[in-house]
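First residue of the sequence shown? That's 1 in the UniProt record's numbering, and the numbers climb one at a time after it.
Positions of the beta carbon are idealized from the N, C-alpha and C atoms, including for glycine.
Presented below is the structure to which this report refers.
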Amino acid sequence: MLPEDDLKIIVEKMGRQPNDVEQGCFLNLWSEHCSYRSSAPLLKSFTTTGDRVIIGPGDDAAIVRFGDGWVLALGMESHNHPSYVDPYNGSATGVGGIVRDIISMGARPIALMDPLYFGPLNTPKNLYLFEHIIEGIGGYGNCIGVPVVRGEAFFDESYSGNPLVNVVCVGLAREDQLVTATAQKAGNKIILIGSTTGRDGLGGASFASRDLSESAEAEDRPSIQIGDPFTEKLLIELSLEAVAEGVVKSCRDLGAAGLAGASSEMASKGDLGIHIIADRVAQREAGMNAFEIMIAESQERILFEVEPENVDYMLQLAEKYDLNGAVIGELTERPYFTVDFEGNTETDIPIHLLTEGAPTFERPSTPFTVKKDPVPDATGDLKQAILDVLASHNVASKEWIYRQYDHEVQIRTVAKPGSDSAIQRIVGDRGIALSCGCNPRHTYLDPYEGGKGTLAENAMNLAVKGGRGLALLDCLNFGNPEKPDIYWQFKYAINGLADAARELSIPVVGGNVSLYNESEEHQTSILPTPAIGVVGEVEDVSTVPSSQFTGTGQSVILVGTTKAELGGSEYYNVRRTPNAGDVPQVPADMVDIVESLITTIREGKVSVSHDISHGGLAAALCEMCGNVGLEVDLSEIAGDMSTEAVLFSESHGRALLATDDPHVVSAQLGNIPHIVVGTTGGDSVRITVNTDHIEVGLDEIKDARASLTRLMME
Numbered sequence: 001m002l003p004e005d006d007l008k009i010i011v012e013k014m015g016r017q018p019n020d021v022e023q024g025c026f027l028n029l030w031s032e033h034c035s036y037r038s039s040a041p042l043l044k045s046f047t048t049t050g051d052r053v054i055i056g057p058g059d060d061a062a063i064v065r066f067g068d069g070w071v072l073a074l075g076m077e078s079h080n081h082p083s084y085v086d087p088y089n090g091s092a093t094g095v096g097g098i099v100r101d102i103i104s105m106g107a108r109p110i111a112l113m114d115p116l117y118f119g120p121l122n123t124p125k126n127l128y129l130f131e132h133i134i135e136g137i138g139g140y141g142n143c144i145g146v147p148v149v150r151g152e153a154f155f156d157e158s159y160s161g162n163p164l165v166n167v168v169c170v171g172l173a174r175e176d177q178l179v180t181a182t183a184q185k186a187g188n189k190i191i192l193i194g195s196t197t198g199r200d201g202l203g204g205a206s207f208a209s210r211d212l213s214e215s216a217e218a219e220d221r222p223s224i225q226i227g228d229p230f231t232e233k234l235l236i237e238l239s240l241e242a243v244a245e246g247v248v249k250s251c252r253d254l255g256a257a258g259l260a261g262a263s264s265e266m267a268s269k270g271d272l273g274i275h276i277i278a279d280r281v282a283q284r285e286a287g288m289n290a291f292e293i294m295i296a297e298s299q300e301r302i303l304f305e306v307e308p309e310n311v312d313y314m315l316q317l318a319e320k321y322d323l324n325g326a327v328i329g330e331l332t333e334r335p336y337f338t339v340d341f342e343g344n345t346e347t348d349i350p351i352h353l354l355t356e357g358a359p360t361f362e363r364p365s366t367p368f369t370v371k372k373d374p375v376p377d378a379t380g381d382l383k384q385a386i387l388d389v390l391a392s393h394n395v396a397s398k399e400w401i402y403r404q405y406d407h408e409v410q411i412r413t414v415a416k417p418g419s420d421s422a423i424q425r426i427v428g429d430r431g432i433a434l435s436c437g438c439n440p441r442h443t444y445l446d447p448y449e450g451g452k453g454t455l456a457e458n459a460m461n462l463a464v465k466g467g468r469g470l471a472l473l474d475c476l477n478f479g480n481p482e483k484p485d486i487y488w489q490f491k492y493a494i495n496g497l498a499d500a501a502r503e504l505s506i507p508v509v510g511g512n513v514s515l516y517n518e519s520e521e522h523q524t525s526i527l528p529t530p531a532i533g534v535v536g537e538v539e540d541v542s543t544v545p546s547s548q549f550t551g552t553g554q555s556v557i558l559v560g561t562t563k564a565e566l567g568g569s570e571y572y573n574v575r576r577t578p579n580a581g582d583v584p585q586v587p588a589d590m591v592d593i594v595e596s597l598i599t600t601i602r603e604g605k606v607s608v609s610h611d612i613s614h615g616g617l618a619a620a621l622c623e624m625c626g627n628v629g630l631e632v633d634l635s636e637i638a639g640d641m642s643t644e645a646v647l648f649s650e651s652h653g654r655a656l657l658a659t660d661d662p663h664v665v666s667a668q669l670g671n672i673p674h675i676v677v678g679t680t681g682g683d684s685v686r687i688t689v690n691t692d693h694i695e696v697g698l699d700e701i702k703d704a705r706a707s708l709t710r711l712m713m714e
């Protein structure tokens with residue numbers, strides 16, 4: 001039911017009581033998921049423009065100029081609630097939806113990323129959700145031929161009743177063949193092509209705008225869409241062929257709020273109206289009414305605007321690809337959303353009221369109070385502490401996950417999953433670097449610094465591979481915004497991310513807000529999770545360093561400053577004090593560090609590089625050791641810090657480089673903090689910090705890092 005305040009506004013604007021179908025349209029298009037009513041005022045703090053930005057937030061996907069006549073289409077979405085109710089179909093259709101956003105811009109999807117957040121895998125339910133969500137993403141992506149090249153898997157108890165499934169898609173298009181979702185001309189025809197429309201996904205937008213109840217798995221299953229990747233693959237090829245032919249005037253994916261959402265938003269963007277004849281929609285179930293046809297979120301469907309003389313071409317194209325195609329309406333000068341069904345007018349709504357009339361507001365906020373844990377005593381076994389951190393599922397190898405994905409289809413992938421950032425070849429030797437994710441524990445302890453640190457970490461992931469940030473997308477996953485302390489987290493995390501984006505000159509070109517991520521069953525709200533996807537430009541993919549040592553006798557250089565910043569660290573988490581300490585602060589020289597690293601990497605003298613983040617310096621050193629060990633002395637950076645702080649601090653703006661030419665690389669790094677700390681070689685990691693000497697064998701490291709794979713193979 002529509003909230004009373006919303007209904008009052010609608011009656012006042014329309015001058016009458018809306019009927020049931022009209023109320024259903026308002027309920028979905030005015031939902032938090034579609035209208036951003038709680039977040040729109042806060043999102044204005046983002047800088048969304050830049051020299052390379054052609055289309056920013058507001059369309060199906062953002063468009064960023066790559067060069068040589070090519071553009072990148074970028075989109076990021078969440079499918080959180082559906083993935084809890086039906087993990088396979090929920091995650092699969094999350095992939096399908098963001099891919100259609102890309103193809104509706106006239107771009108071919110070339111890469112996917114999936115930052116994912118789960119409850120601990122020590123319960124059958126969490127294990128079931130984890131396994132089937134991964135299976136859904138892999139199954140859909142593999143079938144449509146789009147590689148999943150990067151991701152994140154983070155585990156915390158707060159996600160037990162509400163896992164997060166965020167998906168990034170990158171597409172490639174010619175700049176002169178772009179299509180948008182802005183309707184062009186009254187009298188043009190609207191053609192719906194793709195799968196049939198059923199009752200699956202009914203009310204998905206409104207379902208995504210509330211907390212998950214204990215009975216969600218049974219009661220909300222009808223709100224879950226069922227995907228068909230083979231139909232999606234056909235739709236990809238049809239769309240690209242139609243765009244290349246020049247007959248598509250505008251285009252819109254059918255996602256949240258189904259046909260009602262796509263058709264009204266398309267027309268509204270062009271300051272036009274639209275007249276839909278719902279009877280003409282191909283239906284897979286008998287007896288569907290107008291409301292069901294208009295609101296259903298059945299997958300693999302796209303709306304095309306074409307001129308009347310090109311209708312036959314589009315319908316023949318649909319027949320060629322064995323897809324359903326029908327002229328279901330046309331654009332009108334009268335700016336109303338009108339739907340006819342069985343000879344009756346079911347809706348006649350001022351179109352801008354439907355698409356833009358939802359009231360937006362900045363909700364009350366009060367600071368969130370964190371119940372701090374005591375700082376743990378010093379460990380008596382530093383070697384075991386390192387192994388415990390490496391075995392934590394947040395740090396352990398994610399090989400089991402990315403082995404479920406075809407990450408080499410389309411043969412663009414240069415740096416494979418497991419690297420700091422994925423590298424994709426685009427034109428010649430020019431490419432892109434892709435990174436995603438965040439550290440929710442940092443954001444929980446300090447939303448502002450956590451928001452800043454989210455971009456700092458991802459920018460470093462690009463920089464250590466020579467990638468300079470072009471644009472970022474966000475997926476802002478938070479709890480119930482009606483709670484003042486949750487809204488405060490939301491507000492300050494956005495402010496931190498926005499400030500970091502301005503400082504690093506990376507525009508925020510699109511994204512998604514997912515609120516009400518709370519579980520009635522577990523009585524929990526998720527950690528504030530401002531996941532992002534960042535796309536960077538790589539001048540020459542042949543100069544990208546590897547992520548693991550390949551030879552002995554190389555010098556290892558530590559870049560950046562290590563401070564005693566263990567708040568939210570994986571070390572404190574494995575010590576069962578996750579809320580102890582202070583979170584890392586983004587250093588004042590962050591921009592200089594990033595730029596210096598990019599320049600240095602691009603000179604080609606660095607053979608191995610790795611960002612330092614989850615698990616700190618100890619984890620990063622061990623992760624770089626495949627079959628080659630190293631010896632390092634960290635005493636000079638220790639100062640008055642404890643050995644634990646040196647090893648496990650997660651200070652931002654740090655990286656490890658390996659090179660045969662340390663003097664040359666040092667000169668290239670210039671004035672940013674850096675120091676040679678050791679040399680590669682041997683069959684173990686040997687670390688000295690003042691009087692502490694730790695040695696961990698390579699086999700022990702591999703065994704610890706294989707904890708997740710071992711669990712899933714049992």
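Query                                                                                                                                                                              : Result
Whole angstroms is fine: what's the gap from Ser268's alpha carbon to Leu597's?                                                                                                    : 45 angstroms
At a cut of 8 angstroms, does the segment 399-412 reach the segment 148-165 through at least three beta carbon pairs?                                                              : yes
For the segment 100-183, which segments carrying the alpha helix (DSSP H) assignment without a break, of at least 4 residues, lie completely within its bounds, in sequence order? : 124-144
Just reading off the beta strand (DSSP E) that Cys438 is part of, what are its end residues?                                                                                       : No beta strand (DSSP E) holds Cys438; DSSP gives it neither H nor E.
Rounded to whole angstroms, what's the CA-CA distance from Ala278 to Glu520? Just pull it up for me.                                                                               : 37 angstroms
How many Å lie between Pro163 and Pro662 at the Cα?                                                                                                                                : 44 angstroms
So the beta strand (DSSP E) residue 752 belongs to, where does it begin and stop?                                                                                                  : This structure leaves residue 752 out entirely; the chain is present only between 1 and 714.
Can you grab the Cα-Cα spacing for the pair Phe207 / His81, in whole Å?                                                                                                            : Legend: pLDDT at Phe207 = 47, less than 50; position of this residue unreliable, no value from coordinates given.
Where Leu121 and Ala396 are concerned, what is the direct C-alpha to C-alpha distance, given to the nearest angstrom?                                                              : 13 angstroms
For the beta strand (DSSP E) that Trp70 lies in, which residues bound it at each end?                                                                                              : Trp70 to Ser78
Spatial neighbours of Gly670 within its chain, please: C-beta separation below 8 angstroms, excluding the five flanking residues on both sides.                                    : Ser596
Excluding the five sequence neighbours on either side, which residues of its own chain have a C-beta within less than 7 angstroms of the C-beta of Ser45, listed in chain order?   : Ile494, Asn495 and Ala498
Would Gly194 and Glu297 be called neighbours here (beta carbons separated by less than 8 angstroms)?                                                                               : no
Counting C-beta neighbours from all protein chains within 10 Å, is the total for Asn324 16 or more, i.e. buried, or is it exposed?                                                 : buried
Curious, which full-length alpha helix (DSSP H) runs of at least 4 residues does the UniProt domain "PurM-like C-terminal" (552-664) contain?                                      : 570-574, 590-602, 616-623, 635-638 and 643-648
If you measure between the beta carbons of Cys143 and Gly75, is that distance less than 8 angstroms?                                                                               : no
What are the start and end residues of the alpha helix (DSSP H) that includes Ile401?                                                                                              : Glu399 to Tyr402
Please say whether Gly261 and Gly270 have beta carbons closer to each other than 8 angstroms?                                                                                      : no
Throw me the rounded Cβ distance for the Ser547 and His614 pair, which I believe falls under 8 angstroms.                                                                          : About 14 angstroms separates the two Cβ atoms, so there is no contact after all.
Return helix, strand or coil for Leu303, following the three-state DSSP convention.                                                                                                : strand
May I ask you to list the residues that DSSP assigns as paired with Gly510?                                                                                                        : Leu473
Do the segment 437-448 and the segment 531-542 make contact, defined as three or more Cβ pairs closer than 8 angstroms?                                                            : yes
The alpha helix (DSSP H) with Thr355 in it runs from where to where?                                                                                                               : Ile351 to Glu356
With H, G and I counted as helix, E and B as strand and the rest as coil, what does DSSP make of Tyr313?                                                                           : helix
Could you give the C-beta distance for Asn512 and Glu77, rounded to a whole number, given that I count them as a contact under 8 angstroms?                                        : 5 angstroms
For residue 715 and Phe490, what's the separation of their Cα atoms in angstroms?                                                                                                  : Absent from the model: residue 715. The displayed extent of the chain is 1 to 714, so no value can be given.
Can you find the residues in the same chain that come closer than 7 angstroms, C-beta to C-beta, to Thr600, ignoring five residues on each side of it along the sequence?          : Val606, Val665, Gln668 and Leu669
With distance defined between alpha-carbon atoms, name the residue in Thr48, Val53, Thr49 and Ala73 nearest to Asp60.                                                              : Ala73
Out of Ile137, Met113, Gly50 and Ile110, which one is the CA nearest neighbour of Ser83?                                                                                           : Ile137
To the nearest angstrom, report how far apart Pro584 and Glu631 are at their CA atoms.                                                                                             : 27 angstroms
Report the rounded CA-to-CA distance for Val541 versus Ile612, giving the unit in angstroms.                                                                                       : 22 angstroms
Under three-state DSSP, which class holds Ala257?                                                                                                                                  : coil
Measure the Cβ-Cβ separation of Leu634 and Val677 and say whether it is below 8 angstroms.                                                                                         : yes
Compare the beta carbon distance of Ser525 and Ile486 with 8 angstroms and say whether it is the shorter of the two.                                                               : yes
Are at least three pairs of beta-carbons, each pair with one atom in the segment 28-44 and one in the segment 350-367, less than 8 angstroms apart?                                : yes
Could you tell me the alpha carbon to alpha carbon distance between Pro447 and Pro367, rounded to whole angstroms?                                                                 : 10 angstroms
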